[in-house]
Structures are given as C-alpha cells and as structure tokens.
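Chains as they are written, first to last, in my numbering: chain A, 1 to 237; chain B, 1001 to 1107.
Here the structure is laid out as structure tokens; the discussion comes afterwards.
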C-alpha cells in the first residue's frame, strides 16, 4: 500500500510517517508540506492512500482533493472537528483522524484502507463498474421533469447558494443541488473544479490568463493552487 | 493545566529517539510560529495571526493540555473576528510549553 502525507505541520508529518513505518505492507513514498510537491509525485507514481490535513496556508485539503482527477483513498488528519461533517461530501475520503493521531485509530483507518484496496479488483466490483450510468449524460430534475443533458455541451457550472447554474450550448438551467454532488455525476476527465463556486468543461476553454479563464464569453476566476493543478491536466507545449 | 509527555510516551513506546526528535521539532518550530503570530498581530493581520494560532494549537495538543487547547481554539476564533481578548493568556501557554520542553525534553 503506497501512501503519502500532505500536512504543513512537521510534527504531524513525522507522526504519520512513524506510524506508517510500523506497518509491513505500507510504503511511505513522500511526506510533503506543500501541494506542489505532492502533485509531482502523484503524477509519477501510483499512490493508494493520502493522509491529508485540512488547514494549510493558502489552501485546504478539500481544495486539494478537488484538483485530483482520480483521487486515491484519502484519510483526513485534522484537529478541526467542525469540518468533520464535510468529509461526507467526498467519496474518496474514507476516514477522519483527529490530531494528535491516536495509534489505535490510525490502525483502524489503515485496516479500512486495506479492505477497500483489497476489494477494488474483485470481479464483483468490475461488474458493478459496468452497471454504472453513462457519465456523458446527466439527468436533472426541473419542475418534476427529468431533463437529459449532454455533458459535452455544458460549459460552466456555478454554485449559487442552495442552487447551481448549468450553462452551455443552448443550456441554461438552475438546479437545487450542491456543486460537490453534481461533480460526482460528471466525467472526471472533462470537468475541472477551478474555484470554490465554479466547475468548467476543459474542452470549452478559450484562453487562460493569470488567475482567470475565458470560457464562451464568461471570465471565470481560478485560484493559485487550482491553476497549478489545471496546468498539469492541459496539453501544454 | 501543565504540559505532559503522556501522548508522546504512548506513541513512542521504547523508541526514545523518536520522542526526542518530536520534542526537538516542536522546540524549533514553536518559536518560529510564535514570532510569525506576533508579527501578524503587530501589523493587525488577525486572519494570518489566527492561522498561526491554529498551528500552535496542534503543538499544544501533543502535550495534552486540554484546557489550553480550548483557550487557543477560542483565541483563534476570536482573532478571525478581529478580537484580541486572549492574547495574554495565549502567550502564557506558549511560554509554559517552551519552558517545559527546554527543561525536560531535549537534554
């Protein structure tokens, strides 16, 4: 089981490293204080588990997850229990370890990761994969009517309070849901969460300048950390 | 509440080198975090100061100072609203930790 740690607190990194080294089947590939280094490693090596802090200078662990195309299993490590409920928004998060990390709780989290990783290639799981709905099509509920949307035609999705606006080629809908819920229904290779309130279709980008992206006629903001992750997704010359 | 090594002792087991390594890191990082916190307060950047309080709170937690953690959490929350009520109490906690570590840990 390959793992990495991303935490700005050096003591926390040391403790996770120490506990990981005691597990015979765990290999710590890296321990990082900044997401940039973590991105580099994630692009080079297969990582099964990330131990991820929530509060880091300039970005949050949740923002980091949103920048990952296919997140591995995530174990959140944080002293902020007020954010514990937020983990349910992310399918990749399998546990929440309160700091300072209790060795027994660490063991339980690792066992959970082992079980999930052990199941991932079983035939039953693969059959389930085939039964998943086609992510290229999305059904939204508007006035008790299910409307089919072609994901390719969506340009921008914007969070507006309890609603999201879906905009694109002949598309302009307002749906009662969260951005996080909607993202999970979209093809991950096509859409990118560029900002707390915006998801964009990568095929619709016209240009990128500093901290903004031009899509159709709309200028969408992008944070520094998301920009870095976006650059890794693009086919740059 | 006084700091203790109970968490670090349980975590480290027989590995005293690991315990000393953690103490050394806290001794190196805590004054830096505290300097940054003081600087942020000095320039009235309370949000930044709150971020450093959050970092320092994690170090307090390693030393099992439950009441101090509550105060530090409260201080962080108040700072985010521009309220500096708990500066004196927070400074005392940091002083207490540094004195405890310098006297007992890394020697």
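For glycine and all other residues, C-beta sits at the position ideal for the given N, C-alpha and C.
Here the structure is a predicted model, which means the values were calculated and not measured.
Is there a Cβ of chain A sitting closer than 9 angstroms to that of residue 1007 of chain B, yes or no? Taking the second chain and counting its residues from 1, the one referred to as residue 1007 of chain B is at position 7. Interface residue, yes.
So if I threshold CB-CB distances at 7 angstroms, which residues from the region 1045-1064 of chain B count as touching chain A? Answer in chain order: 1051, 1054, 1055, 1057, 1058, 1059, 1061 and 1062.
Could you pull the start and end residues of the beta strand (DSSP E) that residue 219 of chain A belongs to? Position 219 of the first chain, counting from 1, holds the residue named residue 219 of chain A. Note, residue 219 of chain A: beta strand (DSSP E), 218-221.
Which of the three DSSP states, helix, strand or coil, is assigned to residue 196 of chain A? Here residue 196 of chain A refers to the residue found at position 196 when the first chain is read from its first residue. Residue state, collapsed to three classes: coil.
Residues of chain A with CB closer than 9 angstroms to the CB of residue 966 of chain B, please, in chain order. For chain B, the structure presents residues 1001 to 1107; residue 966 of chain B sits outside this window and is missing.
Mind checking which residues open and close the alpha helix (DSSP H) that includes residue 2 of chain A? One-based indexing of the first chain puts residue 2 of chain A at position 2. Boundaries for residue 2 of chain A: no alpha helix (DSSP H) harbours it, while the beta strand (DSSP E) harbouring it runs 2-6, taken from the DSSP string.
Using CA atoms only, rank isn't needed, just tell me which of B:1008, B:1050 and B:1069 is closest to residue 1036 of chain B. The residue you call residue 1036 of chain B lines up with position 36 of the second chain. Out of B:1008, B:1050 and B:1069, B:1050 has the C-alpha closest to the C-alpha of residue 1036 of chain B.
Starting from residue 1070 of chain B, trace the alpha helix (DSSP H) in both directions and tell me its first and last residue. Counting from one through the second chain, the residue named residue 1070 of chain B turns up at place 70. Looking at the DSSP string, the run of the alpha helix (DSSP H) that includes residue 1070 of chain B is 1066-1080.
If you measure from the beta carbon of residue 79 of chain A to each beta carbon in chain B, is any gap under 9 angstroms? As a first step, residue 79 of chain A is located in the first chain; it is residue number 79 there, counting from the start. For residue 79 of chain A, the answer is yes, since a Cβ of chain B falls inside 9 angstroms of its Cβ.
According to the Cβ coordinates, are residue 203 of chain A and residue 186 of chain A closer than 9 angstroms? As a first step, residue 203 of chain A must be located in the first chain, where it is residue number 203. As a first step, residue 186 of chain A must be located in the first chain, where it is residue number 186. No.
Can you tell me which of the three DSSP states residue 1047 of chain B falls into? In the second chain, the residue the question calls residue 1047 of chain B occupies position 47. In the structure shown, residue 1047 of chain B sits in a helix (DSSP, three-state: H, G or I).
With 16 as the cutoff for other CB atoms within 10 Å, does residue 206 of chain A come out buried or exposed? Counting from 1 along the first chain, the entry for residue 206 of chain A is found at position 206. It is exposed - the Cβ of residue 206 of chain A has fewer than 16 other Cβ atoms within 10 Å.
Can you give me the Cβ contacts of residue 178 of chain A inside the same chain, cut-off strictly under 6 angstroms, excluding the 5 residues immediately before and after it? As a first step, residue 178 of chain A must be located in the first chain, where it is residue number 178. Exclusion of the five residues before and after residue 178 of chain A leaves no residue of its chain whose Cβ lies closer than 6 angstroms to its Cβ.
Near residue 1047 of chain B, what residues of its chain come up, given a Cβ to Cβ distance below 7 angstroms and the 5 sequence neighbours on each side ignored? Along the second chain, read from residue 1 onward, the residue named residue 1047 of chain B stands at position 47. Cβ neighbours of residue 1047 of chain B beyond the five flanking positions: 1080.
C-alpha gap between residue 24 of chain A and residue 1073 of chain B, whole angstroms: Residue 24 of chain A sits at position 24 when you count from the first residue of the first chain. Residue 1073 of chain B sits at position 73 when you count from the first residue of the second chain. The alpha-carbon atoms of residue 24 of chain A and residue 1073 of chain B are separated by roughly 37 angstroms.
Please classify residue 1075 of chain B as buried or exposed, where buried requires at least 16 other C-beta atoms within 10 Å of its C-beta. Here residue 1075 of chain B is taken as the residue at index 75 of the second chain, counted from 1. Burial call: buried.
Any idea if residue 80 of chain A is buried or exposed, counting beta-carbon neighbours within 10 angstroms, 16 or more meaning buried? Along the first chain, one-based indexing puts residue 80 of chain A at 80. Answer is buried; the Cβ neighbour count reaches 16.
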